[in-house]
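J.:
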Amino acid sequence: MAPFSYNATDHLALLPPILMALFACAIMLLDVLSPSAESSRRGTVFFSLLGMTFVAYSLALQIRAVTHAPGFAIPAFQGSLIIDALSLFTNGLVWFSTVILLLCAYRYLEIAHEHRSEFYALAFFAECGMYFMAGAVDLIALFVGLETSALAFYILVGFTRANRQSNEAALKYLLLGAMASGFVAYGFSVLYGISGSTQLSEVSKAVVRRGSADPFVILAVVTIAVGLLFKIAGVPFHTWAPDAYDGAPTPVTAHIAVASKVAGFAVLIRLLLGSLASARPIWAPILAVTAVASLTVGSIAALTQDRLKRFFAYSSIAHAGYILLGFLADSDDGRRGILIYVFIYALMNLGAFAFLISLRRPGSAADRHTPGDLIGDLRGLSKRHPLQAALFVVLLLSLSGLPPTAGFLAKYFIFIALINTGHITLAVIAAAYVAVSLYFYFRLVREMYLLEPRPAEQHTVEPLASSLGIRLALGTTAGLTLLIGLYPEPLLRLAFLVTGGVP
Amino acid sequence: MTTVSPLHYLIVSAVLLVIGTLGVLLRRNIVVILMSIELILNAVNINLVAFSHLHRQVNGQAFVLFVMAVAVAEAAVGLGILIALFRNRGTVLADEMDLLKW
Chain A
2 MAPFSYNATD HLALLPPILM ALFACAIMLL DVLSPSAESS RRGTVFFSLL
52 GMTFVAYSLA LQIRAVTHAP GFAIPAFQGS LIIDALSLFT NGLVWFSTVI
102 LLLCAYRYLE IAHEHRSEFY ALAFFAECGM YFMAGAVDLI ALFVGLETSA
152 LAFYILVGFT RANRQSNEAA LKYLLLGAMA SGFVAYGFSV LYGISGSTQL
202 SEVSKAVVRR GSADPFVILA VVTIAVGLLF KIAGVPFHTW APDAYDGAPT
252 PVTAHIAVAS KVAGFAVLIR LLLGSLASAR PIWAPILAVT AVASLTVGSI
302 AALTQDRLKR FFAYSSIAHA GYILLGFLAD SDDGRRGILI YVFIYALMNL
352 GAFAFLISLR RPGSAADRHT PGDLIGDLRG LSKRHPLQAA LFVVLLLSLS
402 GLPPTAGFLA KYFIFIALIN TGHITLAVIA AAYVAVSLYF YFRLVREMYL
452 LEPRPAEQHT VEPLASSLGI RLALGTTAGL TLLIGLYPEP LLRLAFLVTG
502 GVP
Chain B
4 MTTVSPLHYL IVSAVLLVIG TLGVLLRRNI VVILMSIELI LNAVNINLVA
54 FSHLHRQVNG QAFVLFVMAV AVAEAAVGLG ILIALFRNRG TVLADEMDLL
104 KW
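The listed protein sequences correspond, in order, to chains A and B. Under our numbering, the residues of the first sequence are numbered 2 to 504, in order. Under our numbering, the residues of the second sequence are numbered 4 to 105, in order.
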């Protein structure tokens, strides 16, 4: 083994997480040092956005370095981290999701009387963990990344301490999440056992050598697949998701639904389509069952919800089902489909949750139904806030997969990949659920446009708790959703670039 | 006297994994559930140390240190959340956590 050294490449690979961790610490210090609560709040928000700018710059440096590197990949730390197109793609999305979180969190936390600077610090720590999930090609680094982000998320979900739902959501998330991490770690330990190395390249060779009928390979692949499906909330490992989504502060819900899932899919791509690709006969049936079950449970449960966040929890479970179908199509089209879907999924959901945050209004903290939580609260919104309602409709169209928007594109590529690889049955099932999803997304449109508000409610639904940040988030995501639907060329090229580079 | 082979360690760790999983799924008390999660992670550690010994290298033991650190962090966060919940609800039983359903 080479003696430990730290060179320029290592530094480049480690620069974004170093910045994230430093800013997280700085934000906590700032809180202690600032003279008043008000100045601390403003300082924290400003400082965290400054931090995100630095992180963006460091990621841009990586992008520039990667474009000159052979094979679009730069290994670092003796092959435990890698900067490649997949890691940059994931980190870009995670960065975007974190920025949206920071933009939306201020107003929400103010309403909840829980504005503390740890929130921002934890967001940075979570991003730090997800950086390692996206870029690790070593079992230890991957596990530590998974856990760093998960621990930060557990605390963020329970951040509104006085709120019982938030406590309960955090606890359920933690218990099931920790068990899932335990499974992943168990799978990793078996992989280490059969390969004698923690590096994914060595693991890959060992798995090929042993073949897919070897009991140890089966044990490792099954435990890892189950653990990771927990993370991305595939049915039947989804039970934590609706509770955690519902109980968490809404900006955190958005972040879990998007960033955590994007990073989870990056790990799935890196492991299942990368080093464990030769074990496809083992994991393909698990993923097929999970995908169909996710589509079914997600679509049917979404039909019956009357709480908005729960509705979007089930809708995102259904979306995870579509993305998992992309793994089953064993072709470059399938891989591209996954990436395109993940990208568009991130945009649509961030926008939808930004809209939900703007619906939130001051209410008593002990109240089970804070105004803005129920689907009925949308009633008559088109009259009072036509622009916001229209942007939300764009996002809903995209979520249901109708043509002028990006959502259509996402589903189109998955279906094409499935049909081209002979998975006709799966494609037909998935298409049937698109029809179901049309129905439940249009329920929201109907509430906003066709139903008159009940007179008793009119006064409670009046002002939207919108801020510049929330409006910016909603506008950007809805705009991009429409733009990508009309002009998909750059996204497709990006997807081609990334699939060329997955090791 | 029979020697202890790597397979014996694997059997112990597999048993621990099963006990831990059953504990998480079946027990009511959340403190016991947290202990069951520790059991799962200890199953991982036994595996890693046994394999590390088998391969005559230290990577596995380094991994164990990380798993231990993670286990401690998880327990700390878990108990912290549990205390916040206990203050609000006055219970540590999983089946009384019923505010969030469907």
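Even glycine gets a Cβ: it sits at the ideal position worked out from N, Cα and C.
#1: When we look at the beta-carbon of B:R90 and count the other beta-carbons within 10 Å, is it buried (16 or more) or exposed?
#2: So what does A:P76 bridge to, in DSSP terms?
#3: Which residues of chain C have a Cβ atom closer than 9 Å to the Cβ of B:H56, listed in chain order?
#4: Could you give the first and the last residue of the continuous alpha helix (DSSP H) run that contains A:H256?
#5: Give me whichever residues DSSP pairs with B:N32 in a beta bridge.
#6: Please check if any C-beta of chain B sits within less than 9 Å of the C-beta of A:S593.
#7: From the beta carbon of A:A163, is the nearest beta carbon of chain B less than 9 Å away?
#8: Compare the C-beta of A:L141 with all C-beta atoms of chain B and state if any pair is closer than 9 Å.
#9: For A:A330, name the three-state secondary structure that DSSP assigns.
#10: Candidates A:W96, A:H69, A:Q63, A:V95: which alpha carbon is nearest A:L82's?
#11: Mind checking the segment 187-208 of chain A against chain B and listing, in chain order, the residues whose C-beta falls within less than 8 Å of any C-beta there?
#12: Using alpha carbons as the reference points, say which of A:L30, A:A66, A:L15 lies closest to A:F78.
#13: Starting from the beta carbon of B:I40, find every residue of chain A whose beta carbon is closer than 8 Å, and list them in chain order.
#14: Could you tell me whether the segment 38-54 of chain B touches the segment 107-120 of chain A, using the rule of 3 or more Cβ pairs below 8 Å?
#15: Here's the rule: buried if 16 or more other CB atoms are within 10 angstroms of the residue's CB, otherwise exposed. What is B:N45?
#16: Could you have a look at B:L42 and say whether DSSP puts it in helix, strand or coil?
#17: So what does A:Q63 bridge to, in DSSP terms?
#18: I need the DSSP call for A:A234, collapsed to helix, strand or coil.
#19: Any beta carbon from chain A within less than 9 Å of B:R31's own beta carbon?
#20: Bridge partners of A:D139, per DSSP?
#21: So with CB distances below 8 Å, who are the chain B contacts of A:F144?
#22: Leaving out five residues before and five after A:Y346 in sequence, what residues of the same chain have Cβ atoms less than 6 Å from its Cβ?
#23: I'd like the span of the alpha helix (DSSP H) that includes A:Y413, first residue to last.
#24: If we count the other Cβ atoms within 10 Å of its Cβ and call it buried at 16 or more, is A:C105 buried or exposed?
#25: Give, in chain order, every residue of the segment 48-73 of chain A whose Cβ lies closer than 8 Å to some Cβ of chain B.
#26: Suppose contacts are defined by Cβ-Cβ distances below 9 Å. Is A:V46 in contact with A:L103 by that definition?
#27: Quick one: which chain A residues come within Cβ less than 8 Å of B:V35?
#28: Within the same chain, show all residues whose beta-carbon is closer than 6 Å to that of A:D32, passing over the 5 residues directly before and after it, in chain order.
#29: Does any CB atom of chain A fall closer than 9 Å to the CB of B:I84?
#30: What do you reckon, is the C-beta of A:L481 under 8 Å from a heavy atom of the ligand SAM?
#31: Check whether the segment 261-274 of chain A touches the segment 146-157 of chain A, taking contact to mean three or more Cβ pairs, one atom from each stretch, closer than 8 Å.
#32: Write down the C-beta distance between A:R308 and A:L375 rounded to the nearest angstrom, noting that I regard them as a contact closer than 8 Å.
#33: Would A:Q79 count as contacting chain B if we go by Cβ distances under 9 Å?
#34: My output table needs one value for A:L375: the three-state DSSP class, helix, strand or coil.
#35: By the three-class DSSP mapping on this structure, what secondary structure does A:R308 have?
#36: How many Å lie between A:F217 and A:A27 at the Cα?
T.: Short version:
#1: exposed
#2: A:I83
#3: Among the protein chains in the structure shown, which are A and B, there is no chain C.
#4: 251-256
#5: B:L96
#6: In the structure as shown, chain A begins at 2 and stops at 504. Residue 593 of chain A is therefore absent and cannot be evaluated.
#7: yes
#8: It should be noted that the sequence gives Ile, not Leu, for residue 141 of chain A. Taking Cβ atoms only, chain B reaches closer than 9 Å to A:I141, which makes this a yes.
#9: coil
#10: A:Q63
#11: Y187, F189, S190, V191, Y193, G194, G197, S198, T199
#12: A:L15
#13: L176, A179, M180, G183
#14: no
#15: buried
#16: helix
#17: DSSP, once it has assigned bridges, lists no residue as partnering A:Q63.
#18: coil
#19: no
#20: A:Q200
#21: F66, F69, V70, V73
#22: H320
#23: 407-421
#24: buried
#25: none
#26: yes
#27: The premise fails here: B:V35 is roughly 11 Å from chain A at the closest Cβ pair, so nothing lies under 8 Å.
#28: S41, S118
#29: yes
#30: Among the components modelled here there is no ligand, and therefore nothing to report on the ligand SAM.
#31: yes
#32: 6 Å
#33: no
#34: strand
#35: strand
#36: 45 Å
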